[in-house]
Every structure is written in structure tokens, then in C-alpha cells.
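Residue numbers (numbering that gives the first Met the number 0): 0 to 462.
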Amino acid sequence: MEFWTSSLKVDEEFQKLVLRMNPPRVTVDNSSSRNATLIKVDSANKRGSLLEVVQVLNDMNLIIRRAYISSDGEWFMDVFHVTDQHGNKLYQDDVAEKIQQSLGPRARSFRSRRSVGVQAAVEHTTIELTGRDRPGLLSEIFAVLTDHKCNVVAAEVWTHSSRMASVVYITDEATGSAIYDPDHLTKIENLLLAVLMEDRNKRTTNTLVSVGGTHTERRLHQMMYADRDYDMMNLTGVNPGSGHPIKPLVTVDNCLERGYTVVNLRCPDRPKLLFDTVCTLTDMQYVVYHATLIAESPEASQEYYIRHTDGCPISSEAERQRLINCLEAAISRRTSEGIRLELCSDDRIGLLTDVTRIFRENGLSVTRAEVTTRGSQAVNVFYVMDSSGNPVKPETIEAVRKEIGLTILQVKEDEYSKSPPQESGRREAAAGTVEFVIGLRGWALRLAARLVVAAGFGGGDLA
Numbered sequence: 000m001e002f003w004t005s006s007l008k009v010d011e012e013f014q015k016l017v018l019r020m021n022p023p024r025v026t027v028d029n030s031s032s033r034n035a036t037l038i039k040v041d042s043a044n045k046r047g048s049l050l051e052v053v054q055v056l057n058d059m060n061l062i063i064r065r066a067y068i069s070s071d072g073e074w075f076m077d078v079f080h081v082t083d084q085h086g087n088k089l090y091q092d093d094v095a096e097k098i099q100q101s102l103g104p105r106a107r108s109f110r111s112r113r114s115v116g117v118q119a120a121v122e123h124t125t126i127e128l129t130g131r132d133r134p135g136l137l138s139e140i141f142a143v144l145t146d147h148k149c150n151v152v153a154a155e156v157w158t159h160s161s162r163m164a165s166v167v168y169i170t171d172e173a174t175g176s177a178i179y180d181p182d183h184l185t186k187i188e189n190l191l192l193a194v195l196m197e198d199r200n201k202r203t204t205n206t207l208v209s210v211g212g213t214h215t216e217r218r219l220h221q222m223m224y225a226d227r228d229y230d231m232m233n234l235t236g237v238n239p240g241s242g243h244p245i246k247p248l249v250t251v252d253n254c255l256e257r258g259y260t261v262v263n264l265r266c267p268d269r270p271k272l273l274f275d276t277v278c279t280l281t282d283m284q285y286v287v288y289h290a291t292l293i294a295e296s297p298e299a300s301q302e303y304y305i306r307h308t309d310g311c312p313i314s315s316e317a318e319r320q321r322l323i324n325c326l327e328a329a330i331s332r333r334t335s336e337g338i339r340l341e342l343c344s345d346d347r348i349g350l351l352t353d354v355t356r357i358f359r360e361n362g363l364s365v366t367r368a369e370v371t372t373r374g375s376q377a378v379n380v381f382y383v384m385d386s387s388g389n390p391v392k393p394e395t396i397e398a399v400r401k402e403i404g405l406t407i408l409q410v411k412e413d414e415y416s417k418s419p420p421q422e423s424g425r426r427e428a429a430a431g432t433v434e435f436v437i438g439l440r441g442w443a444l445r446l447a448a449r450l451v452v453a454a455g456f457g458g459g460d461l462a
């Protein structure tokens with residue numbers, strides 16, 4: 000055990016040395032494409048490099064239209080065609096700098112520890128919860144926090160396959176800072192566990208903490224994956240209001256002549272799709288050697304050439320099926336079922352408790368939530384269905400809005416489900432291209448990636 004630990008430390012120090020000697024190179028190109036900005040990354044390769052790049056693009060709210068990825072050997076070369084959320088090119092001066100910092104030797108490691116409980120940071124206390132989803136659960140969680148003088152400054156809640164995972168950031172109501180009192184924290188933890196255990200299913204009911212300050216959305220994926228939501232999938236329905244099938248198409252085959260496992264994935268396009276799939280592959284201990292993403296039509300296609308971290312392709316039918324299930328689950332977790340409600344008002348203690356109580360009293364169940372505080376304003380998004388999992392009647396929504404405030408709570412459509420008018424023709428034309436690109440195999444994929452990268456980096460970088 001000591002030998003393994005010391006070997007791991009030596010490997011990490013070696014990777015840091017390689018990064019210091021060969022810092023990542025990031026370029027932003029606005030001239031090569033008429034419709035997108037090309038972000039090109041060339042760096043020494045290390046485990047998690049791809050996820051780090053995709054995560055920073057995700058955090059910058061960029062839409063990835065295309066991606067070409069190649070990471071054979073000691074280097075990786077990625078090209079991303081991106082736009083902002085409105086379909087425009089990027090002209091900020093700090094885009095390359097932000098990505099470069101995320102890949103540097105001081106970048107935070109993704110291998111963070113986990114334990115049971117709650118954690119106090121300088122600004123807030125972080126609480127992570129997993130359990131069986133049921134109507135009114137979120138209301139009860141927020142009520143416990145309000146009753147014990149906690150202010151929720153941010154939260155994200157996902158539900159999937161009858162399971163719930165949430166990351167909640169709280170402060171002390173009196174001081175506005177993190178809560179440090181261990182007795183107070185233990186009491187809150189025990190009460191939240193009691194709320195989660197009401198269904199008597201203790202198998203996967205828990206409170207968790209990320210000691211390393213892991214990325215919120217990645218933690219939600221990790222929590223759902225640990226909760227084995229992929230084993231309990233029932234994804235044959237349709238996303239209300241969109242008409243798109245929820246269940247994606249995922250195939251996994253071995254490319255024997257190249258020694259890779261080839262993963263093909265097709266589903267309706269949406270923001271952060273690449274992050275969700277790369278996150279899952281990384282957490283399942285797979286390494287992406289080559290990949291292509293095309294997302295210029297209402298449907299997105301992704302193709303990955305992967306191996307396990309031990310260098311071997313998938314060797315059993317059980318592992319192949321498990322990977323398919325996990326990727327389907329990763330895509331579906333973020334699929335927003337229900338009506339989107341946006342709440343914007345002055346922030347106050349107990350606001351979330353009151354709002355979610357009104358939802359519960361009117362028979363609404365929250366399928367997903369994003370809670371943020373911007374200065375003195377609360378800006379929250381809720382996706383709701385009725386308690387039976389069916390679309391909510393318009394009269395129920397209006398009754399809820401009148402009780403909360405017509406100007407405070409607004410009904411919003413998912414803007415990404417609509418193609419911008421100026422892009423619709425181009426997207427329809429691109430649909431046929433997707434059919435061709437999805438059939439690329441190893442040599443063609445690698446050639447495509449190298450040609451695109453060569454355009455920005457020069458042939459010397461491809462040796």
C-alpha cells in the first residue's frame with residue numbers, strides 16, 4: 000500500500016514537471032469559420048485533461064457546435080467550434096487565458112476525497128444529499144434549513160429514475176458566513192437524513208461532502224452514478240413540450256484492428272451534452288483517445304475511441320451494457336422534464352421554503368432546480384410536473400403564480416429547443432452531414448482531427 004501511494008505521488012509530481020516544461024497552448028481563432036469561434040488546445044497529456052477543458056467551456060456557458068479530439072501518446076490536441084448562447088462568435092479577451100489557467104500545473108486535481116457530513120468553507124457550508132425522490136421532498140429540505148437559521152445562497156437539484164441528488168450552499172442567517180459549530184451541523188445533518196429516510200429505503204440515502212471543492216455539476220453526476228440511477232432507468236417517455244424522445248441512442252463496439260472500443264451516441268442536442276458524456280467516461284475510468292462531436296442540427300452525434308485506464312478495450316458484454324446504461328443515464332439526468340418556471344425577486348430568509356411549499360400545496364413536484372443569488376436578488380429556475388409525473392394544467396400554474404406573484408414567477412420556454420430563425424436552414428442542411436460523420440472510423444477520425452489541428456498549430460506539433 001505504501002509503495003502504491005508513493006508511486007502515485009511520484010507520477011503526479013512528474014505530470015506537474017511535464018506541464019511546467021511544456022505549458023498548454025490555447026489559441027482563439029475567429030477567422031477560420033464564418034459561424035463559430037475555434038478554440039484550439041495543445042498540451043502535454045494527463046488524465047482528466049479533456050474533462051478540464053470541456054468543464055471550463057461549460058462554466059463559460061459556451062455552446063460547442065463541433066469538436067475534434069486526439070490524445071494519443073504524451074500530447075493531446077483539441078479543437079472546439081463554439082458560440083455564445085445566442086449563436087454568436089466570441090470576442091472576449093480572456094477566453095484563452097481562462098482555459099490556459101485551468102490546464103496549468105496549479106489547476107485543481109479532479110481526484111478529490113469524499114466523506115460523510117457537511118463541510119464549512121470560508122464563504123459557505125456545502126451540503127450534499129442523495130435519496131429517493133418524492134413529491135414535496137425539496138420543500139421539506141428547505142424547511143429544515145430555514146428552521147435552523149440557515150440561508151440558502153445557491154443550490155442545484157437533479158432528479159432521475161426516482162432518485163434525487165442535490166448540492167446546497169448555505170450560510171448562517173445571523174452572520175452571513177459559513178456555519179462552523181459542529182453541534183449545529185450534526186443536528187442539521189441528522190434532520191436532513193430523517194427527511195430523506197421517510198421512505199425507509201436506507202440503501203442509498205445519504206449526506207455527502209466533497210472535501211476538495213469539486214465542481215457542482217460533476218459532483219451531481221458522481222452522486223447519481225454512485226446511487227446507481229442507471230440500474231433503474233425508465234426512459235421510454237417523451238420530454239413534455241419538446242416532442243423529442245428522452246432516451247438517447249448509444250452503441251458500443253470494439254474496433255479490433257486498432258485496439259479501441261468505439262462509442263457512438265446520438266440524441267437531441269442541448270447545452271452541456273459533451274460535458275455530461277466526458278464526465279461519465281472519466282468517472283468510469285475510461286480514457287478518450289480520439290473523438291468527434293457534431294451538434295449543428297437539432298440532433299447531436301458523438302463518436303469516441305476509448306480504452307480503460309489499463310489500456311484495454313471493453314472485454315465483456317456486461318461491461319459494454321453497463322457503459323451504455325451509464326451514458327444514457329448521464330444524458331437523461333439533465334433533460335429537463337416539466338414546465339420551466341423562473342423566479343426573480345429580492346432575496347430573503349425562507350424564500351425557497353415558501354415557494355416550494357406553495358408548489359407542494361398545489362400538487363407540483365420539482366424535477367430540477369437551479370438556485371442562485373446575485374447580490375440582493377434571488378434568481379431561481381424550477382422545472383415542475385404534477386405529483387403523478389404528468390404535465391401541469393395551465394390553471395394550476397396560474398394559481399401558483401398568483402399566490403407567489405405574477406411578476407415574480409414567470410413561465411419560460413426552453414430557448415435551446417428552438418432553432419434561431421437565421422440558423423434553421425443551415426441546421427437542416429447539416430442534418431445530412433451528421434449521418435456521414437457518425438460513420439467515421441479510427442483512421443478517418445484521426446486524420447480529421449490532425450488536419451484541423453494542423454491548420455492552427457503547424458505540422459511540427461503533430462510529430
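Every residue, glycine too, gets a C-beta built ideally from N, C-alpha and C.
Item to check | Minimum C-alpha distance to Arg373 - residue among Gly175, Ala153, Pro297, Met59 | outcome: Ala153
Item to check | Straight-line gap, Arg463 to Ala294 (C-alpha atoms, nearest Å) | outcome: Residue coverage of the chain in this structure runs from 0 to 462, which leaves residue 463 outside it and unanswerable.
Checklist entry - In terms of residues, what are the limits of the beta strand (DSSP E) holding Ile68? => result 62-69
Checklist entry - Who are the near neighbours of Ala173 in its chain, counting only those whose CB is closer than 7 Å to its CB and skipping five residues on each side? => result Lys148
Checklist entry - CB Leu273 to CB Leu255, shorter than 8 Å? => result no
Next on the checklist: Would the segment 389-400 count as touching the segment 158-177 if we require 3 or more Cβ pairs under 8 Å?
Outcome noted: no
Next on the checklist: When you compare the CB positions of Leu350 and Val383, do they come within less than 8 Å of one another, or not?
Outcome noted: no
Checklist entry - To the nearest whole angstrom, what separates the beta carbons of Ser70 and Asn44, a pair I think is in contact under 8 Å? => result 5 Å
Item to check | Whether Asp268 touches Ala329 by CB criterion (8 Å) | outcome: no
Item to check | Residue environment, Gly337, which counts as buried when at least 16 other CB atoms sit within 10 Å | outcome: buried
Checklist entry - What is the DSSP secondary structure of Ser90, reduced to helix, strand or coil? => result The identity of residue 90 in the sequence shown is Tyr, whereas the question assumes Ser. Tyr90 falls in the coil class under three-state DSSP.
Checklist entry - Do Tyr224 and Cys325 have their C-beta atoms within less than 8 Å of each other? => result yes
Checklist entry - Relative to the alpha-carbon of Thr125, which residue among Phe75, Gly86, Leu184, Asp92 has its alpha-carbon at the smallest distance? => result Leu184
Next on the checklist: Within a Cβ cutoff of 6 Å, which residues of the same chain sit near Thr355, ignoring the five residues on either side of it in sequence?
Outcome noted: Leu137, Ser138, Phe141
Checklist entry - Short check: CB of Gln376 to CB of Asp353, under 8 Å? => result no
Item to check | the segment 69-88 / the segment 31-44 touching (three or more Cβ pairs under 8 Å) | outcome: yes
Checklist entry - Applying the criterion that 16 or more other CB atoms from any shown protein chain within 10 Å of the CB defines a buried residue, is Ala35 buried or exposed? => result buried
Checklist entry - In the DSSP assignment, what are the bridge partners of Arg347? => result According to DSSP, Arg347 bridges with nothing at all.
Item to check | Backbone secondary structure at Cys254 - three-state DSSP | outcome: strand
Item to check | Sub-8 Å separation of Ile98 and Val151 beta-carbons | outcome: no
Next on the checklist: Contact criterion: CB-CB distance below 8 Å. Does Val53 meet it with respect to chain C?
Outcome noted: Going by chain labels, chain C is absent from the structure shown, which holds only one protein chain.
Item to check | Environment of Asp226 [buried if 16+ CB atoms lie within 10 Å] | outcome: buried
Checklist entry - Taking the C-alpha atoms as reference points, what is the distance between Ser315 and Glu216? => result 30 Å
Item to check | Under 8 Å between C-beta atoms of Val287 and Leu49 | outcome: yes
Checklist entry - Within this structure, are the beta carbons of Val249 and Tyr303 separated by less than 8 Å? => result no
Next on the checklist: Rounding to the nearest angstrom, what Cα-Cα distance links Arg113 and Leu128 in this structure?
Outcome noted: Summary for Arg113: the model assigns pLDDT 31, below 50, so the residue's position carries little reliability, and this model does not support an answer.
Checklist entry - Would Ile403 pass as a contact of Ile348 if the rule is Cβ separation under 8 Å? => result no
Checklist entry - For Leu464, which residues of its own chain have a beta-carbon under 6 Å away from its beta-carbon, when the five flanking residues on both sides are left out? => result Any answer about residue 464 is impossible in this case: the structure gives the chain only from 0 up to 462.
Next on the checklist: Suppose the cutoff is 7 Å on Cβ atoms and the five residues either side in sequence are ignored; what does the same chain contact list for Val378 look like?
Outcome noted: Cys343, Thr371
Next on the checklist: Quick check on this structure: which residue in Thr281, Trp157, Asp146, Val380 has the alpha carbon closest to the alpha carbon of Arg133?
Outcome noted: Trp157
Checklist entry - At which residue ranges does the segment 320-366 contain complete alpha helix (DSSP H) runs of 4 or more residues, listed in the order of the chain? => result 350-360
Item to check | Spatial distance of Val391 from Glu369 (CA atoms) | outcome: 20 Å
Checklist entry - What is the DSSP secondary structure of Thr467, reduced to helix, strand or coil? => result As displayed, the chain neither begins before 0 nor continues past 462, which places residue 467 out of reach and without an answer.
Next on the checklist: Bridge partners for Gln409 per DSSP, in chain order?
Outcome noted: Glu341
Checklist entry - So which of Asn87, Thr26, Gly135, Gly47 has the shortest CA-CA distance to Gln284? => result Gly47
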